[in-house]
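Chains as they are written, first to last, in this note's numbering: chain P, -14 to 496; chain F, 81 to 593.
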C-alpha cells in the first residue's frame, strides 16, 4: 500500500467511512475554486470531519505519513487558497453549527464551517449582527475563511475587518500531536469566550489572515452588536473624475459622521458608464455621468440621529458642488435602491456577482488591496499606468479594472477591489498568471496591503521582496513551531520547507 | 571579570557610557514599582537605550552571556511587571518620540517609551485621539506598557482595549540575533503602517498582552480617531444596591446608546460612601446625602449638538425608567465638586484618576485583582466576592480591606472590568500573608471564569497556578516562547516560564475553598 492508501485507511478508522473519499468524481468536484486561473488540482483524498477531535486525528495521521493538508471552507475563493494538488483536502463545511448566541454578553460561538449567510440569517431577526457581515461571497463563504483571509465586507467602514470582531478561536495545530488550543478569554479553561485580550498573549492573531498556514480553525468566538434599527442608503455622483476628492470626501465623512458610517464606497466612472451602456431598459433622458459614484449607508439607534447624519453627509458631499445626489434610475429605470437599508441575503451576498466578479467562466486575476486614504490620487494614476505600460502582455479581449469598487475602512484606509480577466483558454492562462504576479508585485511595491492572499498573492508578496529577511526567518520559525513538517498549505508564501531558500523566488524590480 | 561585568563592558562599548549604570544608587531607584507587595529587586545593570538598534545590541550581548532582561516603561505597575532581581533592566523611556501624526490617514507612529499623557496631550490639541486613552496611570505609563498589558482605560467602553487601536509594532525579538521585525501592514517593507490585518498573519497579536515575554516593543503604530467635539458627563444613582440592575442597565445602554458612550463606569455603593465620608468638613453639605445604590458615571460624545441632545435624552430615559435610578450630582456629598452640566474634559480627569479613586494609598501594599467578566455574571461575581472574604477572613492581614471593586468599567462587546484589590499595611510581617491571599484570590477569580489582563508576575503566575491553561496550551505557549527566546531570557518569571524543560505543573495549586 502507498502511504496515501495507508493514511486513507487510518483516517477511515478514525472518523468512519461516510465522509472520506478518494473517488475521481469527488476529486474533480473539489479541484477548483471560483477562479479557473489555476489548473484544476486533484487532492489524494477529501475528508469532511465533523468535530475538532476528528480534525485532530486527521492531522496526526497526516503527520505520521507526511502528507500535506489544505483546509477548505466555502471554496468561494479566487486566489488558489482552498485546493491542493495531492494530499488531504479538509472540507470543513460539516462543522456548521451555531453553538451559542449569547445576547446577554454580546458574543456568539460558532463552528468555523458555518456560512456568513447562515449565521446572519439567524442573528438579524433577533436584532443582532456581527457588524462586519463577511465577504461578498458570504452566501457560501464560511466564518473560518473570513478569518483566514482577514476579509473586509459589508459594515467594514464602521466595524473593521473580520478579525476585528473575533474574540478568539479553537484551532487544531498541524503538529504531530494535532494539538487543540483555544485562544482569547477561552485560553482560561474555566472562562467563557467573552473577550479577546488578557489571560495570555493574543495568540488569536496568529490565525487571523494566516490563509490556513498556521492552524485549522474549528470554532470561532465572535462579537455581537445590537443591530441599530435605523439605516439609510444615500447615493451621490461626483461632478468630476477626481480621486483627490474621493480621498477628501472620505476623510470628511469619517470625521463628522464617524459613529454612524456603516458603509461608504465608490464605483469608478468607467464602470458606471459600462452599467449604463449595458442597461436593457434605457432611461428617457441620457444620464450625465461625470465622476465616480459614491454609495453611503448610515445607521443610528434613533431616528432623530439618523436625520442629522443624513443632513451632514449631504452637506459634506454637495459642498462646493463637488457631487450631486444620484439615483440609479438615471441609468436604468429598473434599478431601484431602497432608501431604507434592510438585511437581504441577496443584497449582501450576491453583491459580487453583478458588480465585481468578472464572469467566473473567465480567468479572474483579483488584486484587492488596501491603501492609505491619502494615496488615493496617486494610486489612481499609477495603477492604470501599469496597465498601459504592459498593454501588450494582456490577453486579447482582457478587461482590466484597477478598481471596481473602492470601499472605506477604518481608520483611514481604502480597499481597492479590482483585477483583470482573460478568456479561459489554455494559452491565456500562463500569460495571465505571469502578468497577475507582476501586477501584484507592483501593488506591493507602492505600499499596498493585500489580504485574501491565498497562493498567488501570498507568493507575490514574497517575490516582491516585501518581507525583510529577518521577518521571513521569524515567519518560518513560527511556522516550524506549529507545523514541524510544513504540511499545512505548503505552497502559500512559498513556505515549502524549513531549509527552502525563499530568495530564489525574489523578482527584481521589473519596471 | 564576572559575566555581568563582561556584558556591562560590551554594552557600554555598543551604546556608550552615558546611559548604562550598575551603581547601587540607581539600582535602588529602579528596584520597585508602585506596589510594595514585592520585595525590592535590584537589577545588575540598568540601561536606557535610545534606538531599536541599541536594544538589539543589548539583546545580542544578553544572549551571549545568558543574562536575563526585563523591559520597563513608566514603572506604573502594581503586579511585579517591570523590576528584575539581577539581570538587565531596560528602561525604555528615552525612546519617547512621536515620529508621525498622520491626520490624513488616521494613524500615528510613536516610540513605545512615550507616555500616554504626552501623546494624548499632543493629539487632543489637534482634534484627534487614540480613542482609548490608556491606563489611569497614563501620567507616567507608556504606550509600550499599555500594549504589553492589554490595558483598558478611559474611552474603553467605546474603543475597546489598547490592543484594539494597535496597527502593528516594531519589536526586537529576544533571540541571539536580536532580530528586529515589524508587524501589521509594515511587514511589507514598502508600505506605511496604516492597517493591522493583511500582508501576513497577524503577528502583532503575539506582542499584545505578552507582559514583555515575547519581545521588546520599540515602536507602535496606532489608530487615530477624530475627537468628538461634544462631550457630556452624567451621573445616576441606583435606588437599591442591586447588581442585577447594574447589568441590565449596562446592557440596555450598550443597545440603545451604543455609539456614544466613551466610558460607562459604576462605583459600588460602599465606594461612594467612603468618598462621602472622607470629604473635608468645610465642603460637607448640610443635608446628609441619600446614598442607596451603585453610582453610574456616563461620559459620552457626539459630533453634533442635536445628536448630543438626543443621547442625553435617551440616557435619562433608560436610567430613570421604573424609578430604578435618579440623577446624581457629586455636590450632594462634596460642595467643592462641579455640577455635571459644567463638566469639561481634561486630561487630569484621566490620568490622575487612579490617585483619588482606585489605588489605595501607595505606601500600602495593594494587591490588585482587576479582571474582566461577562456582564451578565456581575450579580453572581458580586456575591462570590463577599463569600470569599467571609470564608478567608482569617487569612487576610489585620485591617486589610477587600472590596468587590473600586470601579466597574463596561467594555465592548459585553464585558466589564472589575477594578479592585486587597490592601494591607506595608510592614514586613504582612507582606507574605498579603502575597498568599492575593494569589489565592486571583486563583479564585480565574476559576469563576475571569479574564485578567495586566498580568505582570503575580497575576500571570496565579493563572498558571489555578490550572487555567490546558497542558496543550501551555506546551504551545512554551514552544512559541522558545521560538523567539531560545534561552528564556526575557521576563523569565512571568507565567512561571523559566526554561523550556521547566515543569510548571509543580506550581498548580489544588484548592482550596
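For every residue, glycine included, the Cβ atom is placed at its ideal position computed from N, Cα and C.
Asked: Thinking just about the alpha-carbon of each residue, which of 435(P), 466(P), 447(P), 469(P) is nearest to the one in residue 486(P)?; Found: 447(P)
Asked: Have a look at the DSSP bridge pairing and note the partners of residue 357(P).; Found: 398(P)
Asked: Just confirm the distance between the C-beta atoms of residue 149(P) and residue 117(P), as a whole number of angstroms; I'd bet it's less than 8 Å.; Found: 7 Å
Asked: Looking at the secondary structure, which residues open and close the beta strand (DSSP E) in which residue 205(P) lies?; Found: 201 to 208
Asked: Using 10 angstroms around the beta-carbon of residue 179(F), count the other beta-carbons present and answer buried if the total reaches 16, otherwise exposed.; Found: exposed
Asked: Among 581(F), 575(F), 391(F), which one has its Cα closest to the Cα of residue 588(F)?; Found: 575(F)
Asked: In terms of DSSP beta bridges, what is residue 285(P) paired with?; Found: 215(P)
Asked: Of all Cβ atoms in chain P, is any one closer than 8 Å to the Cβ of residue 282(F)?; Found: yes
Asked: Which one of 530(F), 427(F), 474(F) has the shortest CA to CA distance from residue 510(F)?; Found: 474(F)
Asked: According to DSSP, is residue 251(P) part of a helix, a strand, or is it coil?; Found: strand
Asked: What residues in its chain sit with their C-beta under 7 Å from that of residue 398(F), if we drop five residues either side in the sequence?; Found: 329, 332, 333, 336
Asked: For residue 546(F), which residues in the same chain have their Cβ closer than 6 Å to its Cβ, ignoring the five residues on either side in sequence?; Found: 523, 526, 527
Asked: Residue 519(F) versus chain B: which residues are under 7 Å apart at the beta carbon?; Found: Annotation note: the requested chain B is absent from the structure, which comprises protein chains P and F.
Asked: Checking the sheet assignment: what are the DSSP bridge partners for residue 504(F)?; Found: 445(F)
Asked: Taking the runs of the alpha helix (DSSP H) that are 4 residues or longer, which of them lie wholly in the region 421 to 495 of chain P?; Found: 441 to 448, 454 to 467
Asked: Counting only beta-carbon separations shorter than 8 Å, does residue 437(F) have a partner in chain P?; Found: Summary for residue 437(F): the model assigns pLDDT 49, below 50, so the residue's position carries little reliability, and this model does not support an answer.
Asked: So with Cβ pairs under 8 Å, would you call residue -10(P) a contact of chain F?; Found: no
Asked: Please go through the same chain and pick out, in chain order, the residues whose beta-carbon is closer than 6 Å to the beta-carbon of residue 355(P), but skip the five residues on each side of it.; Found: 398, 400, 434
Asked: Suppose only complete runs of 3+ residues qualify. What are the beta strand (DSSP E) ranges in the region 264 to 322 of chain F, listed by chain order?; Found: 296 to 303, 310 to 318
Asked: Rank 316(F), 96(F), 145(F) by C-alpha distance to the C-alpha of residue 128(F) and give the top, closest one.; Found: 96(F)
Asked: Examine chain P for any beta-carbon lying closer than 8 Å to the beta-carbon of residue 133(F), and answer yes or no.; Found: no
Asked: Taking C-alpha atoms, which residue in 364(F), 198(F), 327(F), 304(F) lies nearest to residue 459(F)?; Found: 327(F)
Asked: Between which two residues does the alpha helix (DSSP H) carrying residue 559(F) extend?; Found: 551 to 564
Asked: Where in the region 188 to 224 of chain F do unbroken runs of the alpha helix (DSSP H), each at least 4 residues long, occur, reported from the N-terminal end onward?; Found: 196 to 205
Asked: Bridge partners for residue 500(P) per DSSP, in chain order?; Found: As shown, chain P starts at -14 and ends at 496. That puts residue 500(P) outside it, with no answer to give.
Asked: Could you name the residues of the same chain whose beta carbon sits closer than 6 Å to that of residue 581(F), not counting the 5 residues immediately before and after it, in chain order?; Found: none
Asked: Along chain P, which residues have their Cβ under 7 Å away from the Cβ of residue 209(F)?; Found: Result: empty, since nearest Cβ-Cβ is about 11 Å, beyond 7 Å.
Asked: Based on Cα-Cα distance, which residue from 552(F), 364(F), 536(F), 103(F) lies nearest to residue 293(F)?; Found: 536(F)
Asked: Give the residues of chain P in contact with residue 261(F), contact being defined as C-beta atoms less than 7 Å apart.; Found: 455, 456, 459
Asked: Tell me which residue opens and which closes the alpha helix (DSSP H) that residue 108(P) is part of.; Found: 101 to 108
Asked: Out of 146(F), 140(F), 169(F), which one is the CA nearest neighbour of residue 153(F)?; Found: 169(F)
Asked: Under a three-way DSSP split, which group does residue 96(P) fall into?; Found: strand
Asked: Where does residue 271(P) sit, in a helix, a strand or coil, going by DSSP?; Found: coil
Asked: Taking residue 241(P) as the query, report the chain F residues whose CB atoms sit under 7 Å from its CB, ordered along the chain.; Found: 383
Asked: Can you give the beta carbon distance from residue 192(F) to residue 218(F), rounded, assuming they're within the 8 Å contact cut?; Found: The pair is not a contact, with the Cβ atoms about 14 Å apart (cut-off 8 Å).
Asked: Looking at the unbroken beta strand (DSSP E) that takes in residue 543(F), where does it start and where does it end?; Found: Counting along the chain, residue 543(F) falls outside any beta strand (DSSP E), though it belongs to the alpha helix (DSSP H) covering 538 to 545.
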